[in-house]
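Chemist: Right, I'll just put the structure down here and ask away after.
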Amino acid sequence: MVDGVVAVVLAALSISAVVCFNFETRLPIVKYGATNTYFGYSVASHTEKLRNGDKNSWILVGAPLGQNLQPSSNRSGALFKCPITQLSNDCEQLKTDGRRSKHFPLTRN
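Counting in this note's numbering, the sequence shown runs from 694 upward without gaps.
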C-alpha cells in the first residue's frame, strides 16, 4: 500500500516539474536584464487605460536583487516595465519608492 502511495506522489511531482506553458510559441517574447539580479523572478501583465479610451499593455518584471533608482539604496530590488515586442533589451526601469502613485494606480481588471 505504501509503495503505491509513494509511486503516485512521485509521478505527480515529476509531472508538475515538467509542465510549463507559453502563450505564443511561434513568436516568443524574451527579455533580458542585468546578470545576478534575478531579473524575471516575478512577471505580471499590466494594462494601462489611457484618457482617450485606448489601452496600453506592458509586462512588469521584477528583479529582487537589482539596484533600485532610489538614492542611498543598495540592491533593494528593481521593477521594470517592458513593452510587448520582439526586442529583448527594451525594458525600462521604474522608479519605486513604496508609495502609490496617481500615474500608476493599483487597479483590478
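Using N, Cα and C, we set each Cβ at its ideal position, and we do this for glycine too.
1) I'd like the span of the beta strand (DSSP E) that includes S735, first residue to last.
2) Determine which residues share a DSSP beta bridge with N749 and list them.
3) Hey, is L758's beta-carbon within less than 8 Å of any beta-carbon in chain E?
4) Looking at N767 and T789, is the spacing between their C-beta atoms short of 8 Å?
5) In this structure, how does DSSP classify V754 when only helix, strand and coil are distinguished?
6) Determine the contact status of P721 and W751, defining contact as a CB-CB distance below 8 Å.
7) In whole angstroms, what separates the C-alpha of K748 from that of V701?
8) Smallest Cα separation from Y731: which of A771, Q763, A756?
Modeler: This is what the structure gives:
1) Here the question's residue 735 lines up with position 42 in the sequence shown. It spans 735 to 742 - the beta strand (DSSP E) in which S735 sits, taken as one unbroken run.
2) As a first step, residue 749 is located in the sequence shown; it is residue number 56 there, counting from the start. According to DSSP, which records beta bridges pairwise, N749 is partnered with E741.
3) Included in the structure is just one protein chain, with no chain E present.
4) The count along the sequence shown starts at 1 and reaches residue 789 at position 96. The count along the sequence shown starts at 1 and reaches residue 767 at position 74. Cβ distance not < 8 Å, so T789 and N767 don't count as in contact.
5) Locating residue 754 in the sequence shown gives position 61, counting from the first residue. Strand at V754.
6) In the sequence shown, the residue the question calls residue 721 occupies position 28. In the sequence shown, the residue the question calls residue 751 occupies position 58. Cβ distance not < 8 Å, so P721 and W751 don't count as in contact.
7) As a position in the sequence shown, residue 748 is number 55, starting the count at 1. As a position in the sequence shown, residue 701 is number 8, starting the count at 1. In a straight line, the C-alpha of K748 is about 46 Å away from that of V701.
8) Residue 731 sits at position 38 when you count from the first residue of the sequence shown. Nearest option by C-alpha distance: A756.
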